[in-house]
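Visitor: The opening residue of the sequence shown carries number 772 in this note's numbering; numbering runs sequentially from there.
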Amino acid sequence: MSSATDLLKLHLAQQAARGVTHVALTREVQTRLRVGRSATAAKPSASAAPPAAVPPAAAPSFRRVEYAATPAGPTPAPVSPTRPMPERISLSDPSPLAPQPQSRDEQLARLALEAENNDKARSLGTLRDTMVFATGTPDAEIVFVGEAPGAEEEKVREPFVGPAGQLLTKIIQAMGLRRNQVYITNICKFRPKIDDGRFQGSKNRAPSVGEMLSCQQFVLAELEIIKPKVIVALGSTAATGLGIEGTVGRLRGKFHDFRGTPIMITYHPSYLLRREQEDGGGIAEKRLVWEDMMKVMDQVGLPITEKQRAYFSKARG
Ligand code: URA
């Protein structure tokens, strides 16, 4: 963290992402801000400005649902002119100005801020403005990776909340988990435009390779921070974005390797919904996805009950 002001901005962004619109500042933080401002007093605009607040629209959409009450992170030692001088000089004491180790929550929140300002993606001109980052817990053993946000996701700035997202939630629940016990993200952090995006309505499209590449560094960093036991790529677009080419029909059913982490590629929930509209209601594909998910459960050591094994069994299908 380069300064107390940066830390405060990050904290405010995290709070804003959680829907908090007002944050009380302790006397200590107020003092530190005054110290920070007086250091830049030569610049009149900086000294006159009130403490920066991050507007909700610019806030990252990473949300750690499970531990939302956790304080935003370590507070660096106060840099205060009134701090008492130590009585002896010890070379082993860490400098109060040394960079503070960041929690995974903070690393993800910082990444979400960087994704918000992703010029590479924004300058393409083919993606819409709203950045949708991720949802879930940094402690997740399973990370689900989709393609890109759609109309519903763009509205609430959370991945997989529309119809496909509701089906994904049911799959996660069938595995005996809650959404806030896994991590859900997308290869592309912006909803792709159709034509110039002005009259797009609820229409969505898959991101192009260039669009995925413009966001690739973020998904790679998320996986690096979380270090899940298993990655699930939803659909062939997400698999391509992670460098694995092929059809889901050929790739699914077994683990592949993604930089040392097992990855299961399975059908995207949108595909299951499309198949539901056709003859047979897509039961055959749902069964295949469920078989893939049981392999994922096995891989992370989740128990599988007889009842779970029987979901979509031939007798029921
Ligand atoms: N489809 C995706 O791939 N991602 C979303 O966030 C929503 C739908």
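Beta carbons are placed, not taken as given, at the ideal position from N, Cα and C, and that holds for glycine. Predicted model, so just to flag it, every value in this text is computed and none were measured.
Of the choices Glu-1062, Gln-952, Asp-966, whose alpha-carbon is the least far from that of Ile-997?
Guide: Ranking the options by Cα distance to Ile-997, first place goes to Gln-952.
Visitor: Just curious, the alpha helix (DSSP H) that Phe-1026 is in, first and last residue?
Guide: Looking at the DSSP string, Phe-1026 is not in any alpha helix (DSSP H); the run it does join, the beta strand (DSSP E), is 1026 to 1029.
Visitor: Run the proximity test for Pro-870: is its beta-carbon closer than 7 Å to any non-hydrogen atom belonging to ligand 1?
Guide: Not under cutoff, so the answer is no.
Visitor: Is the distance from the Cβ of Thr-1037 to the Cβ of Asp-1063 below 8 Å?
Guide: Going by C-beta atoms, Thr-1037 is nearer than 8 Å to Asp-1063.
Visitor: If we count the other Cβ atoms within 10 Å of its Cβ and call it buried at 16 or more, is Gln-937 buried or exposed?
Guide: Exposed: under 16 other Cβ atoms inside 10 Å.
Visitor: How big is the Cα-Cα spacing for Pro-1015 and Arg-962?
Guide: Position check: residue 1015 holds Ile in this sequence, whereas Pro was assumed. The alpha-carbon atoms of Ile-1015 and Arg-962 are separated by roughly 22 Å.
Visitor: Shortest alpha-carbon distance to Tyr-1042 belongs to which of Gly-917, Arg-875, Asp-900?
Guide: Measuring from the Cα of Tyr-1042, the nearest candidate turns out to be Gly-917.
Visitor: Let me know the alpha helix (DSSP H) ranges lying completely inside the segment 911 to 943, each 4 residues or longer, listed in chain order.
Guide: Qualifying alpha helix (DSSP H) stretches, in chain order: 922 to 927.
Visitor: Is Ala-905 near Thr-940, with beta carbons less than 8 Å apart?
Guide: Not in contact: Ala-905 and Thr-940 (Cβ atoms no closer than 8 Å).
Visitor: Beta-carbon within less than 7 Å of Leu-991's beta-carbon, same chain only, minus the 5 sequence neighbours each way: which residues are those?
Guide: Within the same chain, Leu-991 has no close Cβ partners at all.
Visitor: Quick one, are the C-beta atoms of Ala-919 and Ile-958 less than 8 Å apart?
Guide: In this structure, Ile-958 lies closer than 8 Å to Ala-919 by Cβ.
Visitor: If I follow the unbroken beta strand (DSSP E) through Val-903, where does it start and stop?
Guide: Where Val-903 is concerned, there is no enclosing beta strand (DSSP E), given that its DSSP letter is neither H nor E.
Visitor: Going residue by residue through the segment 963 to 1002, where are the continuous alpha helix (DSSP H) segments of at least 4 residues, counting only ones entirely within it?
Guide: Taking only runs of at least 4 residues, the alpha helix (DSSP H) segments lying wholly in the segment 963 to 1002 are 980 to 997.
Visitor: So does Gly-936 have its beta carbon nearer than 7 Å to some heavy atom of ligand 1?
Guide: Indeed, a heavy atom of ligand 1 lies less than 7 Å from the Cβ.
Visitor: May I ask whether a heavy atom of ligand 2 can be found less than 7 Å away from the beta carbon of Gly-933?
Guide: What this structure holds is ligand 1, not ligand 2.
Visitor: Evaluate Pro-1074 with the Cβ neighbour count: other Cβ atoms within 10 Å of its Cβ, from every protein chain shown; 16 or more gives buried, anything less gives exposed.
Guide: Counting Cβ neighbours within 10 Å, Pro-1074 comes out exposed, since fewer than 16 surround it.
Visitor: Decide if Pro-999 is buried, meaning its Cβ has at least 16 other Cβ atoms within 10 Å, or exposed.
Guide: With 16 or more Cβ atoms within 10 Å of its Cβ, Pro-999 is classed as buried.
Visitor: With distances taken Cα to Cα, identify the nearest neighbour of Lys-1021 among Leu-882, Ala-1010, Phe-1029.
Guide: Checking the displayed sequence, the identity of residue 1021 turns out to be Arg instead of Lys. Checking every option, the nearest Cα to that of Arg-1021 belongs to Ala-1010.
Visitor: How is the alpha helix (DSSP H) around Met-1068 delimited, first residue to last?
Guide: Met-1068 -> alpha helix (DSSP H) spans 1054 to 1071.
Visitor: Which class does Thr-1018 belong to by DSSP, given the choice of helix, strand or coil?
Guide: Coil, per DSSP.
Visitor: Who are the Cβ neighbours of Gly-981 in its own chain at under 7 Å, not counting the five residues just before and after it?
Guide: Taken in chain order, the residues that qualify are Leu-895.
Visitor: Would you report the Cα separation of Arg-1058 and Pro-934, rounded to the nearest angstrom?
Guide: Their backbone Cα atoms lie some 19 Å apart in a straight line.
Visitor: Leaving out the 5 sequence neighbours to the left and right, which residues in its chain are closer than 6 Å to Val-932 when beta-carbon positions are compared?
Guide: Cβ neighbours of Val-932 beyond the five flanking positions: Glu-923, Glu-924.
Visitor: Could you spell out where the beta strand (DSSP E) holding Tyr-954 opens and where it closes?
Guide: Taken as a continuous stretch (DSSP letters only), the beta strand (DSSP E) holding Tyr-954 covers 954 to 957.
Visitor: For Leu-884, does the three-state DSSP call read helix, strand or coil?
Guide: Helix, per DSSP.
Visitor: Go through its chain and collect everything with a Cβ distance to Arg-950's Cβ below 8 Å, but skip five positions before and after it.
Guide: Same-chain partners within the cutoff: Val-836, Thr-906, Gly-907, Thr-940, Ile-943.
Visitor: At the level of alpha carbons, what is the spacing between Ala-945 and Gln-1048?
Guide: Taking the straight line from one Cα to the other gives about 22 Å.
Visitor: Looking at the strands, I want to know which residues DSSP matches up with Ala-1004.
Guide: Val-916, Ile-1036, per the DSSP bridge assignment.
Visitor: Does at least one heavy atom of ligand 1 sit under 7 Å from the Cβ of Glu-924?
Guide: Yes, Cβ of Glu-924 sits closer than 7 Å to a heavy atom of ligand 1.
Visitor: What is the rounded straight-line gap between the Cα of Val-825 and the Cα of Leu-868?
Guide: Confidence at Val-825 is low in this model, with a pLDDT of 38, below 50, so the placement of that residue should be treated as unreliable; the coordinate-derived value is given next. Computed Cα separation, rounded: 24 Å.
Visitor: Say the cut is 7 Å; is the CB of Ser-861 nearer than that to a heavy atom of ligand 1?
Guide: Ser-861 Cβ: outside cutoff for every heavy atom of ligand 1.
Visitor: Spatial neighbours of Lys-964 within its chain, please: CB distance less than 6 Å, with the 5 preceding and 5 following residues excluded, ordered by chain position.
Guide: Thr-897, Arg-899, listed in sequence order.
Visitor: Among Thr-1076, Ala-1081, Phe-1083, which has the Cα closest to the Cα of Gly-947?
Guide: The candidate whose alpha carbon is nearest that of Gly-947 is Thr-1076.
Visitor: Given that a residue counts as buried once 16 or more other Cβ atoms are within 10 Å of its Cβ, and exposed if not, what is Arg-969?
Guide: Its Cβ having fewer than 16 others within 10 Å, Arg-969 is exposed.
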